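Chains as they are written, first to last, in my numbering: chain A, 1 to 384; chain B, 1001 to 1384. The beta carbon of each residue, even a glycine, is placed where N, CA and C say it ideally should be. None of these values were measured; they are calculated from a predicted model. Only one structure is covered here, and it is reproduced in the block below.
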């Protein structure tokens, strides 16, 4: 990863290059070992004027040449979509070693342009007519849950406190300061009940991952396997009783991995607004329907809990540079599975889940991906 | 396909929807049969303000829901890159039936924005410093070949005449009028030696293809198999003697298909400027090095020649709505292989090659793809 934050002195390419090179170094390979590459970016067309060949402009500079490079874009799920394509490419036997790199530079001289670009994560014909945007959509979902008694205002405040506490432990995070419940509650109201300290911010950053056929690379410590990769786009609001898009992806991923929610040791989920973590805990099957409040209140999702969520700080504290987020989730989970997560290390995790979603089209995400990662070696094999 | 041309009354989504639905009808399937989809578009972020979820906004409107949809962007090679991802997806066993749809609407109220967006097919940090653009790059290559005696001015004029003659036979083409050599030669000079009638134009349009695992769909006439799919991105100008990116892709594709250039019965190549067809004839191995002029002069590339090229009219006459072009090449070849190409039908072709390239980075294409298609049934099986 390149750290997430505000980097006026660095170009979009600078950020991406750092993440890509670090991923290669981490894998112990050189650029000549990479056989295909996917780039994830969601906004450079509108923000930097660089459409069409975004990934190539980055990868050229690190010396990648004459391999297939494909630019992938799927709103806030761009990073995980690039990862999914990398996994497909290895699975199809088309390449043994594939690089996926996600990057975004949202701080530009005119932030109104950034807001316009963010709006295009929905169908413009729809949102411009409705006059609606993302924060409002999250807020309405939360208000309904509060009205139904499924969540309390304390829950959605405290989940933001937890997010910032984790972010404070993550050197790659945009927001690295603990906050109190009072500070969260009293922060500027963005869309009732959301306050500023619950929301992800405009952010620069990059993240990358190397996906390889098993056995193609020399082992450099614990091996992390992609046990499942499931994606979907959903356009219409679900009738009552029908599962959400992320639930559908998770169910597909559990089936693919031969696992269930109770096997998951930690998860990174798409908390573009911190309280969304609570929605996803239920949608991913981590707690029974209607019991997310008690699940959270029991401390389950803390770093020392039974199912730590967003140990990185999540989107709301680690930051959410759109094209990079899905791969930053993967970086966090790989570090955790290897025991390299420092002060935020979960105790000996073996199975991790990443849920990344993006865009909005009439009540559902425009894209969602769930990946399940598995540490293959037992913990005492590498670090007694 | 949706016809290529200028359609002020139609939105980008209108164009794409027509192509997608026609591909489904052609395959004899409904939206519920599609298990994954790829969208190819290169400019909508800058031209329509619709970044991030371009494909979803289209596919939602035809009723596609809850399948993986991924937006792919690779400059002028976006369409073939989407096709390549569709092929990978089937090959990986992740889906049996995949839709790829490419679309572009380049006519907008301010055509200066279209030119800016086209510029972003190269690394802006490079082209803005050099003050160079695509037409000039093609012109310099051609001037060198003329200076070396490999091509004559007559060759590059007459290949444009052939392109327009083919376009005149294609109801989907943007330019459907025959032109004379004198008209080509005397047309407005764009970048010496290129004149207006040699160049592809600003264009709206869409094209789509359905890729399926063999046996997954009921046969509705001759089956066309994807015999090879090879792509690459190349960033650095080649040293003398080293093959071009399209040559490299073609060699890979020939190997994958177990075929050679002499097996190819017809080809669609990326003639963004009509004379580029001559460059590609040599790069794809259709004629010996240095012999492209005599190959062309012998009429080999005409519809009734030994290796018809760009029977559709190619980019320069069929039109080049950037994201759609790679899939329009596939549509033409599939029609030809099935015997459905009407007045421009080649006599009983069995093997066809599509070469699509895009972008420019310091002397090479930012992306290129070569696909080889094969008609499986003998010709007399279906149409005696």
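Could you check where the alpha helix (DSSP H) with residue 162 of chain A kicks off and where it finishes? Stepping through the first chain from its first residue, residue 162 of chain A is reached at position 162. According to the DSSP assignment, residue 162 of chain A belongs to the alpha helix (DSSP H) that extends over 153-168.
Between residue 335 of chain A and residue 305 of chain A, what straight-line distance do the alpha-carbon atoms span, to the nearest angstrom? The sequence position of residue 335 of chain A within the first chain is 335, counting from 1. The sequence position of residue 305 of chain A within the first chain is 305, counting from 1. Straight across, the Cα-Cα distance linking residue 335 of chain A with residue 305 of chain A is about 18 Å.
Please state whether DSSP places residue 1273 of chain B in a helix, a strand or coil. Position 273 of the second chain, counting from 1, holds the residue named residue 1273 of chain B. In the structure shown, residue 1273 of chain B sits in a strand (DSSP, three-state: E or B).
Whole angstroms are fine: how far does the CA of residue 1017 of chain B sit from the CA of residue 1030 of chain B? Here the question's residue 1030 of chain B lines up with position 30 in the second chain. Here the question's residue 1017 of chain B lines up with position 17 in the second chain. Rounded to the nearest angstrom, the two C-alpha atoms are 14 Å apart.
Since residue 1050 of chain B meets chain A, which of its residues come closer than 7 Å, beta carbon to beta carbon? Translated into positions along the second chain, residue 1050 of chain B becomes position 50. Within chain A, the residues 120, 124 have their CB atoms less than 7 Å from the CB of residue 1050 of chain B, given in chain order.
Check whether the stretch 153-171 of chain A and the stretch 193-201 of chain A touch, using three or more Cβ-Cβ pairs below 8 Å as the test. Judged by Cβ distances under 8 Å, the stretch 153-171 of chain A makes contact with the stretch 193-201 of chain A, as three or more pairs qualify.
Report buried or exposed for residue 1109 of chain B, applying the criterion of at least 16 other Cβ atoms within 10 angstroms of its Cβ. Counting from 1 along the second chain, the entry for residue 1109 of chain B is found at position 109. An exposed status is given to residue 1109 of chain B, since fewer than 16 other beta-carbon atoms sit within 10 Å of its beta-carbon.
Residue 1077 of chain B versus residue 77 of chain A - alpha carbon distance: In the second chain, residue 1077 of chain B corresponds to position 77, counting from 1. In the first chain, residue 77 of chain A corresponds to position 77, counting from 1. Rounded to whole angstroms, residue 1077 of chain B and residue 77 of chain A show a C-alpha spacing of 23 Å.
With a threshold of 8 Å between beta carbons, is residue 140 of chain A in contact with chain B? Mapped onto the first chain, residue 140 of chain A falls at position 140. Taking CB atoms only, residue 140 of chain A has no neighbour in chain B less than 8 Å away.
So, is the C-beta of residue 1056 of chain B closer than 8 Å to a C-beta in chain A? If you number the second chain from 1, residue 1056 of chain B lands on position 56. Chain A contact via Cβ: present.
Rounded C-beta distance between residue 1319 of chain B and residue 1205 of chain B? I'm assuming under 8 Å. Taking the first residue of the second chain as 1, we reach residue 1319 of chain B at position 319. Taking the first residue of the second chain as 1, we reach residue 1205 of chain B at position 205. Correct: roughly 6 Å between the Cβ atoms.
Three-pair Cβ contact test at 8 Å for the stretch 1120-1132 of chain B versus the stretch 124-135 of chain A: Taking 8 Å as the limit for Cβ pairs, the verdict is that the stretch 124-135 of chain A does not touch the stretch 1120-1132 of chain B.
Does the beta-carbon distance from residue 1338 of chain B to residue 1215 of chain B come in below 8 Å? Residue 1338 of chain B sits at position 338 when you count from the first residue of the second chain. Residue 1215 of chain B sits at position 215 when you count from the first residue of the second chain. No, these two residues do not count as a Cβ contact at 8 Å.
Is the distance from the Cβ of residue 1087 of chain B to the Cβ of residue 1039 of chain B below 8 Å? In the second chain, residue 1087 of chain B corresponds to position 87, counting from 1. In the second chain, residue 1039 of chain B corresponds to position 39, counting from 1. Going by C-beta atoms, residue 1087 of chain B is not nearer than 8 Å to residue 1039 of chain B.
Partner residues on chain B for residue 88 of chain A, Cβ-Cβ distance less than 9 Å: Along the first chain, one-based indexing puts residue 88 of chain A at 88. Near residue 88 of chain A (Cβ distances below 9 Å), the residues of chain B are 1085, 1088, 1089, 1091, 1092, 1094.
Just the Cα atoms here: how many angstroms apart are residue 1053 of chain B and residue 1313 of chain B? Position 53 of the second chain, counted from the first residue, corresponds to residue 1053 of chain B. Position 313 of the second chain, counted from the first residue, corresponds to residue 1313 of chain B. So the two alpha carbons sit approximately 31 Å from each other.
Within the continuous alpha helix (DSSP H) that includes residue 1332 of chain B, where are the two ends? As a position in the second chain, residue 1332 of chain B is number 332, starting the count at 1. Start and end: 1325-1338.
From A/132, A/82, A/153, residue whose alpha carbon lies closest to that of residue 142 of chain A: Counted from its first residue, the first chain places residue 142 of chain A at position 142. If we check each option's Cα against that of residue 142 of chain A, A/153 comes out closest.
Would you decide whether residue 343 of chain A is buried or exposed? Buried here means 16 or more other CB atoms lie within 10 Å of its CB. Residue numbering aside, residue 343 of chain A sits at position 343 when the first chain is read from its first letter. Residue 343 of chain A is exposed by the Cβ-count criterion.
Excluding the five sequence neighbours on either side, which residues of its own chain have a C-beta within less than 7 Å of the C-beta of residue 252 of chain A, listed in chain order? One-based indexing of the first chain puts residue 252 of chain A at position 252. Once the five neighbours on either side are set aside, the close Cβ partners of residue 252 of chain A are 230.
Beta-carbon gap between residue 1272 of chain B and residue 1200 of chain B smaller than 8 Å: The sequence position of residue 1272 of chain B within the second chain is 272, counting from 1. The sequence position of residue 1200 of chain B within the second chain is 200, counting from 1. Between residue 1272 of chain B and residue 1200 of chain B, the C-beta gap is smaller than 8 Å, which places the two residues in contact.
Under the rule that 16 or more other beta-carbon atoms within 10 Å means buried, what is residue 1260 of chain B, buried or exposed? By one-based count along the second chain, residue 1260 of chain B stands at place 260. Here residue 1260 of chain B is exposed: its Cβ has fewer than 16 other Cβ atoms, across all protein chains shown, within 10 Å.
Just by C-beta distance, which residues in the stretch 258-275 of chain A are closer than 9 Å to chain B? Cβ contacts with chain B come from no residue of the stretch 258-275 of chain A.
Within 7 Å of chain A by C-beta, residues of the stretch 1059-1083 of chain B in sequence order: Listed by position along the chain: 1060, 1065, 1066, 1067, 1068, 1069, 1070, 1071, 1072, 1073, 1074, 1075, 1081.
In chain order, what residues of the same chain lie with their CB nearer than 7 Å to the CB of residue 1276 of chain B, ignoring the 5 residues before and after it? The residue labelled residue 1276 of chain B in the question sits at position 276 within the second chain. Closer than 7 Å at Cβ, skipping near neighbours: 1138, 1270.
Can you pull the chain B residues whose beta carbon is under 8 Å from the beta carbon of residue 116 of chain A, in chain order? Walking along the first chain from the start, residue 116 of chain A turns up at place 116. What residue 116 of chain A touches in chain B: 1049.
Of the listed residues A/170, A/51, A/376, nearest to residue 1119 of chain B (C-alpha basis): For this step, residue 1119 of chain B is matched to residue 119 along the second chain. The shortest Cα separation from residue 1119 of chain B among A/170, A/51, A/376 belongs to A/51.
Could you tell me the alpha carbon to alpha carbon distance between residue 1003 of chain B and residue 1208 of chain B, rounded to whole angstroms? Counted from its first residue, the second chain places residue 1003 of chain B at position 3. Counted from its first residue, the second chain places residue 1208 of chain B at position 208. The straight-line gap separating the alpha-carbon atoms of residue 1003 of chain B and residue 1208 of chain B is approximately 12 Å.
How big is the Cα-Cα spacing for residue 321 of chain A and residue 1352 of chain B? Here residue 321 of chain A refers to the residue found at position 321 when the first chain is read from its first residue. Here residue 1352 of chain B refers to the residue found at position 352 when the second chain is read from its first residue. Cα to Cα, the separation comes out at about 43 Å.
Could you tell me whether any Cβ in chain A is nearer than 8 Å to the Cβ of residue 1245 of chain B? Within the second chain, the letter at position 245 stands for residue 1245 of chain B. At a cut-off of 8 Å between C-beta atoms, residue 1245 of chain B counts as an interface residue with respect to chain A.
Along the stretch 355-379 of chain A, where does the CB come closer than 7 Å to a CB of chain B? Name the residues. Of all residues in the stretch 355-379 of chain A, those with a C-beta nearer than 7 Å to a C-beta of chain B are 359, 361, 366, 367, reading in chain order.
To which residues of the same chain is residue 62 of chain A closer than 7 Å at the C-beta, ignoring the five residues directly before and after it? Against the first chain, residue 62 of chain A aligns to sequence position 62. Result list for residue 62 of chain A: 17, 20, 21, 31, in chain order.
Please classify residue 1105 of chain B: does DSSP put it in a helix, a strand, or coil? For the purposes of this step, residue 1105 of chain B is taken as residue 105 along the second chain, with counting starting at 1. Three-state result, residue 1105 of chain B: strand.
Spell out whether any CB of chain B is found under 8 Å from the CB atom of residue 234 of chain A. Here residue 234 of chain A is taken as the residue at index 234 of the first chain, counted from 1. Residue-level contact by beta carbon holds for residue 234 of chain A and chain B, with a gap shorter than 8 Å.
Buried or exposed by the 16-neighbour rule on C-beta atoms within 10 Å, applied to residue 89 of chain A: Counting from 1 along the first chain, the entry for residue 89 of chain A is found at position 89. Burial check for residue 89 of chain A: the Cβ neighbour count within 10 Å reaches 16 or more, so the residue is buried.
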